[in-house]
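Chemist: Numbering (the working numbering), first residue to last: 26 to 240. A virtual CB, placed ideally from N, CA and C, is assigned to each residue, including glycine. Note that the coordinates shown come from a computational prediction; the quantities given were computed from them, not determined experimentally.
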């Protein structure tokens, strides 16, 4: 159960070495971004004993497909209107609307491929973002989003208020490196799921969880 895992992880945190304690005290608790999602978009899946990946959820895929379907449908109707309409003024309006709808098509296509999965591989000793199969240290070193697992110190969980049309709290799931650098892994409003994934990764990597509520 999550409660049992939580007790074990809190006990682990109390035993952390002094260097980790100093890192925790100096850690930046401002959000890494102003963005967030109002629903669960990402979750961890363990592929085998040594590999864990972040996967887009079913809800995120439904949202992505809905955006693509609506954008393509509207764009198709506007293109059809361009061929049958003869009024110059109306053609200009339709052309402007088509330009906006194509922006949504591009956004929908972007959503299909993003966010890219995070891969945690204890055999290789690295975590990285992307679907490429990497094998040697030389493959990882050029990557911007790649870190040795031995450099990961803790997991940081912190809330932030998203002021969209519907105001909500989104939770950042960040990894903390030993040099203080933070890496965002996921960011959405389902706190229960965020904490579940945090406990999961904490056990997988044997690292503590630091929450803003602890301060």
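Take residue 85 as the anchor and find which of 63, 99 and 78 has the nearest alpha-carbon.
Modeler: Of the candidates 63, 99 and 78, the one whose C-alpha sits nearest the C-alpha of residue 85 is 63.
Chemist: With distances taken from CA atoms, which of 201, 224 and 232 is nearest residue 51?
Modeler: Nearest option by C-alpha distance: 201.
Chemist: Please report how far the alpha carbon of residue 240 lies from the alpha carbon of residue 217, in whole angstroms.
Modeler: Since pLDDT at residue 240 reaches only 38, below the 50 mark, its modelled position is unreliable, and the value read off the structure follows with that caveat. Going from the Cα of residue 240 to the Cα of residue 217 covers about 20 Å.
Chemist: From residue 134 to residue 155, what does the alpha carbon distance come to, in whole angstroms?
Modeler: Cα-Cα distance, rounded: 17 Å.
Chemist: So, at 8 Å on beta carbons, what are the nonlocal neighbours of residue 213 in its own chain, with the 5 sequence-adjacent residues on each side left out?
Modeler: Same-chain partners within the cutoff: 61, 62, 63, 64, 65, 66, 67, 195, 196 and 219.
Chemist: Could you give the C-beta distance for residue 203 and residue 178, rounded to a whole number, given that I count them as a contact under 8 Å?
Modeler: Yes, they are in contact, since the Cβ atoms of residue 203 and residue 178 sit about 5 Å apart, within 8 Å.
Chemist: Taking C-beta to C-beta, are residue 245 and residue 191 nearer than 9 Å?
Modeler: Outside the shown range of the chain, which is 26 to 240, sits residue 245, and nothing can be said about it.
Chemist: Could you tell me the boundaries of the alpha helix (DSSP H) in which residue 237 lies?
Modeler: Residue 237 -> no alpha helix (DSSP H), and no H or E assigned at all.
Chemist: Determine, using beta carbons only, whether residue 58 and residue 210 come nearer to each other than 9 Å.
Modeler: The answer is no: Cβ separation not under 9 Å.
Chemist: Within 8 Å, do at least three Cβ pairs link the stretch 81–99 to the stretch 220–231?
Modeler: With a cut-off of 8 Å, the stretch 81–99 and the stretch 220–231 do not count as touching, because too few Cβ pairs lie within range.
Chemist: Quick check on residue 139: does DSSP put it in helix, strand or coil?
Modeler: Residue 139: coil per DSSP, three-state reduction.
Chemist: Does the beta-carbon of residue 223 have 16 or more other beta-carbons within 10 angstroms, so that it is buried, or is it exposed?
Modeler: Looking at its Cβ environment, which holds 16 or more other Cβ atoms inside 10 Å, residue 223 is buried.
Chemist: Could you check the C-alpha separation between residue 183 and residue 108 for me, to the nearest Å?
Modeler: Going from the Cα of residue 183 to the Cα of residue 108 covers about 52 Å.
Chemist: Would you mind reading off the limits of the beta strand (DSSP E) that contains residue 178?
Modeler: Where residue 178 is concerned, the enclosing beta strand (DSSP E) stretches over 177–188.
Chemist: Would you kindly work out how many angstroms separate the C-alpha atoms of residue 13 and residue 120, rounded to a whole number?
Modeler: One cannot answer for residue 13 here, as it falls past the ends of the chain, which runs 26 to 240.
Chemist: Considering only the beta carbon of each residue, do residue 170 and residue 208 sit closer than 9 Å?
Modeler: In this structure, residue 208 lies closer than 9 Å to residue 170 by Cβ.
Chemist: Following the continuous alpha helix (DSSP H) through residue 223, name the residue where it begins and the one where it ends.
Modeler: First-last of the alpha helix (DSSP H) with residue 223: 216–230.
Chemist: Near residue 137, which residues of its chain fall below 8 Å by C-beta distance, leaving aside the five closest residues on each side in sequence?
Modeler: Same-chain partners within the cutoff: 89 and 93.
Chemist: Per the DSSP calculation, residue 99 is bridged to which residue(s)?
Modeler: The partner list for residue 99 (beta bridge, DSSP) is empty, contrary to what the question assumes.
Chemist: Taking only the alpha-carbon atoms, compute the straight-line gap between residue 34 and residue 221 and give it to the nearest angstrom.
Modeler: Residue placement at residue 34 is poorly supported in this model, since its pLDDT is 48, which falls under 50; the coordinates are not used for a value here.
Chemist: Which residue from 54, 46, 47 and 45 puts its Cα closest to that of residue 198?
Modeler: Residue 54 is the option with its Cα nearest to residue 198.
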